[in-house]
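Contents: one structure, followed by commentary.
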Amino acid sequence: MFKRPKLLWLVVALVASTGPDGIPAASMPQGRDFVNSLGMKFVRIAPGTFLMGSAEGGDFDERPVHRVTVSQPFYLGVTEVTNAQYERFDASHRALRGKLGFSKADDEAVVFVDWRQAVAFCRWLSAQEGLPYRLPTEAEWEYACRAGTATAYHTGPRLDHPAFLKNVGRYDIPPPVSLAVGCSPPNAWGLYDMHGNVEEWCLDWYGPYEPGDQVDPVGRADGDFRVTRGGSHSTTLEYLRSANRSGTLPEDKSWLIGFRVAIGPTPSGNPLPPVEPPLCQRPTASKPGPAPQPVDPAKPYFVGPRVYVKIPPGSDGPLFSKHNHDPAIVECPNGDLLAVWYTCRTEAGRELGLAASRLRRGAAEWDPASPFWDAPDRNDHAPALWCEGRRIYHFCGLSAAATWGNLAVVLRISDDSGFTWSKARLIAPEHGRRHQPVESVFRTRDGTIVLACDAVPGGRGGTALLMSRDGGNTWFDPGEGKPQPEFRQGASGAWIAGIHAAVAELHDGRLLAFGRGDTIAGRMPQSVSADGGRTWSYSASPFPPIGGGQRAVLLRLAEGPLLFASFAATMDLPDASGKPRPVSGLFAALSLDEGRSWPIRKLITDGGPPRELDGGGNTGRFTLSRDSAEPRGYLSVCQDSQGVIHLISSKLHYAFNLAWLKEPQR
Numbered sequence: 002m003f004k005r006p007k008l009l010w011l012v013v014a015l016v017a018s019t020g021p022d023g024i025p026a027a028s029m030p031q032g033r034d035f036v037n038s039l040g041m042k043f044v045r046i047a048p049g050t051f052l053m054g055s056a057e058g059g060d061f062d063e064r065p066v067h068r069v070t071v072s073q074p075f076y077l078g079v080t081e082v083t084n085a086q087y088e089r090f091d092a093s094h095r096a097l098r099g100k101l102g103f104s105k106a107d108d109e110a111v112v113f114v115d116w117r118q119a120v121a122f123c124r125w126l127s128a129q130e131g132l133p134y135r136l137p138t139e140a141e142w143e144y145a146c147r148a149g150t151a152t153a154y155h156t157g158p159r160l161d162h163p164a165f166l167k168n169v170g171r172y173d174i175p176p177p178v179s180l181a182v183g184c185s186p187p188n189a190w191g192l193y194d195m196h197g198n199v200e201e202w203c204l205d206w207y208g209p210y211e212p213g214d215q216v217d218p219v220g221r222a223d224g225d226f227r228v229t230r231g232g233s234h235s236t237t238l239e240y241l242r243s244a245n246r247s248g249t250l251p252e253d254k255s256w257l258i259g260f261r262v263a264i265g266p267t268p269s270g271n272p273l274p275p276v277e278p279p280l281c282q283r284p285t286a287s288k289p290g291p292a293p294q295p296v297d298p299a300k301p302y303f304v305g306p307r308v309y310v311k312i313p314p315g316s317d318g319p320l321f322s323k324h325n326h327d328p329a330i331v332e333c334p335n336g337d338l339l340a341v342w343y344t345c346r347t348e349a350g351r352e353l354g355l356a357a358s359r360l361r362r363g364a365a366e367w368d369p370a371s372p373f374w375d376a377p378d379r380n381d382h383a384p385a386l387w388c389e390g391r392r393i394y395h396f397c398g399l400s401a402a403a404t405w406g407n408l409a410v411v412l413r414i415s416d417d418s419g420f421t422w423s424k425a426r427l428i429a430p431e432h433g434r435r436h437q438p439v440e441s442v443f444r445t446r447d448g449t450i451v452l453a454c455d456a457v458p459g460g461r462g463g464t465a466l467l468m469s470r471d472g473g474n475t476w477f478d479p480g481e482g483k484p485q486p487e488f489r490q491g492a493s494g495a496w497i498a499g500i501h502a503a504v505a506e507l508h509d510g511r512l513l514a515f516g517r518g519d520t521i522a523g524r525m526p527q528s529v530s531a532d533g534g535r536t537w538s539y540s541a542s543p544f545p546p547i548g549g550g551q552r553a554v555l556l557r558l559a560e561g562p563l564l565f566a567s568f569a570a571t572m573d574l575p576d577a578s579g580k581p582r583p584v585s586g587l588f589a590a591l592s593l594d595e596g597r598s599w600p601i602r603k604l605i606t607d608g609g610p611p612r613e614l615d616g617g618g619n620t621g622r623f624t625l626s627r628d629s630a631e632p633r634g635y636l637s638v639c640q641d642s643q644g645v646i647h648l649i650s651s652k653l654h655y656a657f658n659l660a661w662l663k664e665p666q667r
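Residues in the sequence shown are numbered from 2 upward in steps of one, following our numbering.
Structure (structure tokens):
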């Protein structure tokens, strides 16, 4: 713990006016050090110039490195705000002390505080003392953290002191660790905990850097994410670097984020404009192409596979060529197809974001991929899309940091075919399990919107449902708090058997689901609910089980049948003569009697000569032929306004109609 200097109270001349940010303006404290009425210690940061960002290593969003001038002095808290200090403003926060085991003591950094609450604390403190308290800008934060250094950390190229090394690694929910402030070595300007302990909210909206010299920058004019800086406990050390940038939704709260307070008028720099939309959110440059020729529903139709994930080799942010997986697809109201998936180096990494592509109406090929949505340094497992009428819904998870085991759930909507989107909002704000969206979204006959979410982070263990009965304004989980069931023949419980569940409503109002893992009698588990998803009965399905790198889909077709698509290591399908023929890989099945039987099954292949294709994701290269189809992939499916079924795996797009499915295997 740092030594407590003798308190020095300074006379502050108040000015009866208000600054441009609504915080009362006043003359600044004098001298190097200042202690306020709460005992919060501040140090004066002199004006200066530094290079912001990192030219080598680090992340793509730390470039271009640019020269920044901080033209006015300001004061910055020597430590992060503590529980005792914050609770002078909001006594109710005391109930959150010790949540998940974190931040119990008076002198520990306050956590589970969102950006708006941090700003409200600053405004309250300003009103109490007549000083311009606020959050630091991102540029002020990095300038103060570096304290004249240009290395990865203010300590040099490495962080070796044990006080910085708290739970180094990736965690779903980490083991508790002390968040006491002032325990790590200070930097040259006397600031503690600038590397680690907790992330710190900054004033700015997050956005990409611009080249060129800047004076008193204040970030973007708008955005989805507020910046956080400094890294935290329970992450890997590269996220503690001076240049590292993180951020999240302003209403997000976790055990990783607190804040530090600055004193000074808000810098006078002009905000940068909002970021230009990516390719997937730009309308067609010219007039829309002609409507495609109608597909005759009476004639078999098959096109593909076409590649929809197009990322240049060697890409390492914001698009990553190394791993692209877990897609969602919808037909937009304007006739485009929109596909979204995650792109990353590793599936558990903090770099994981969402990418997208369009197959524009009348086009033969998909656009190149472009970024879609990415909370900086938060794992965004995983996307789901749903289109109803003129509105598209985008769901995804928002991790506290790395992994998909501690997600909150985000919703955005678009009323213009995905070219613009609402501000993201949290519909399940608590970080934890049961919050990984699955590509099964629909509205039941009674108006309930249903979103399937994995209940566990592993390869088996069940699926949950998030449901809304008021058009998506509020959401509930009917199985939350219920015990994990025993998934066996004839048993029942409050969860769907298997992860990545494919779910649909039957004509009588029951819900039918198929999942991965939790096999019953060596078959894929089937779950049926007759009470709106509150309880489920379990049985063996007629389908083979699936495993790693595989996800099934279930869709009610406009013509009435249920469509199911999945994978089989081997199965016998009748050919045109009716003779069984062994086949393997991606197949589709049709039920004409509400899931009681699945008499029509077909391999998803064009039936051409054998050729090698790249399935991307966890699929890799495989041979497509009349007897072998894609062996694995995460599937997503939609049916367009012409009745064409669009089935995508982790990289490839197949298009066919009901007549083709009913045609015997060639």
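Positions of the beta carbon are idealized from the N, C-alpha and C atoms, including for glycine.
Can you grab the Cα-Cα spacing for the pair residue i / residue j, in whole Å?
i	j	result
residue 226	residue 379	11 Å
residue 94	residue 395	32 Å
residue 601	residue 233	54 Å
residue 23	residue 91	Reliability fails at residue 23, whose pLDDT of 47 lies under 50, so the model's placement of it is uncertain and the value that follows must be treated cautiously. Their backbone Cα atoms lie some 20 Å apart in a straight line.
residue 506	residue 648	20 Å
residue 373	residue 342	9 Å
residue 654	residue 615	12 Å
residue 132	residue 36	12 Å
residue 594	residue 539	19 Å
residue 640	residue 332	7 Å
residue 157	residue 392	51 Å
residue 140	residue 48	12 Å
residue 661	residue 390	27 Å
residue 652	residue 325	8 Å
residue 642	residue 544	29 Å
residue 329	residue 442	10 Å
residue 491	residue 533	19 Å
residue 273	residue 66	16 Å
residue 318	residue 583	43 Å
Give me the DSSP bridge partner(s) of residue i.
i	result
residue 541	526
residue 324	345
residue 640	646
residue 314	Its beta-bridge partners do not exist; DSSP assigns none.
residue 76	45, 264
residue 443	451
residue 53	67
Check each candidate in the options and name the one with the smallest Cα separation from residue i.
i	options	result
residue 236	202, 272, 271, 167	167
residue 368	426, 391, 280, 444	280
residue 610	628, 269, 590	628
residue 657	389, 437, 304	304
residue 591	576, 581, 567, 583	567
residue 267	220, 294, 224, 229	220
residue 453	439, 459, 323, 460	439
residue 644	559, 465, 64, 597	559
residue 597	624, 638, 485, 564	564
residue 56	96, 242, 252, 224	242
residue 45	192, 314, 537	192
Label residue i either buried or exposed according to how many other C-beta atoms from any shown protein chain fall within 10 Å of its C-beta, with 16 as the threshold for buried.
i	result
residue 606	buried
residue 271	exposed
residue 68	exposed
residue 398	buried
residue 663	exposed
residue 551	buried
residue 254	buried
residue 31	exposed
residue 423	exposed
residue 162	exposed
residue 155	buried
Flag residue i as yes when its Cβ comes closer than 7 Å to any non-hydrogen atom of the ligand NAP, and as no otherwise.
i	result
residue 660	The ligand content of the structure shown is nil, which means the ligand NAP is not present either.
contact_flag[the region 413 to 427, the region 324 to 343] where n(CB pairs < 8 Å) is 3 or more: With a cut-off of 8 Å, the region 324 to 343 and the region 413 to 427 count as touching, because enough Cβ pairs lie within range.
Three-pair Cβ contact test at 8 Å for the region 72 to 82 versus the region 162 to 176: They do not touch, by the three-pair rule.
Touching by the beta-carbon criterion (3+ pairs, under 8 Å), the region 525 to 542 and the region 508 to 515: Contact holds between the region 525 to 542 and the region 508 to 515, because three or more Cβ pairs, one in each stretch, are under 8 Å apart.
The region 346 to 364 in contact with the region 420 to 435 per 3-pair CB rule at 8 Å: The answer is no - the region 420 to 435 does not touch the region 346 to 364, with fewer than three Cβ pairs under 8 Å.
Meets three-Cβ-pair contact criterion under 8 Å: the region 184 to 202 and the region 130 to 150: Segments in contact, yes.
Stretch pair the region 246 to 262 + the region 191 to 200: three plus CB contacts closer than 8 Å: The region 246 to 262 makes contact with the region 191 to 200: 3 or more CB pairs, one atom from each, lie closer than 8 Å.
Any 3 or more C-beta pairs closer than 8 Å across the region 350 to 360 and the region 305 to 316: Under the 8 Å Cβ criterion, the region 350 to 360 counts as touching the region 305 to 316, having at least three qualifying pairs.
The region 93 to 113 / the region 171 to 183 touching (three or more Cβ pairs under 8 Å): Of all C-beta pairs linking the region 93 to 113 to the region 171 to 183, three or more are shorter than 8 Å, placing the two stretches in contact.
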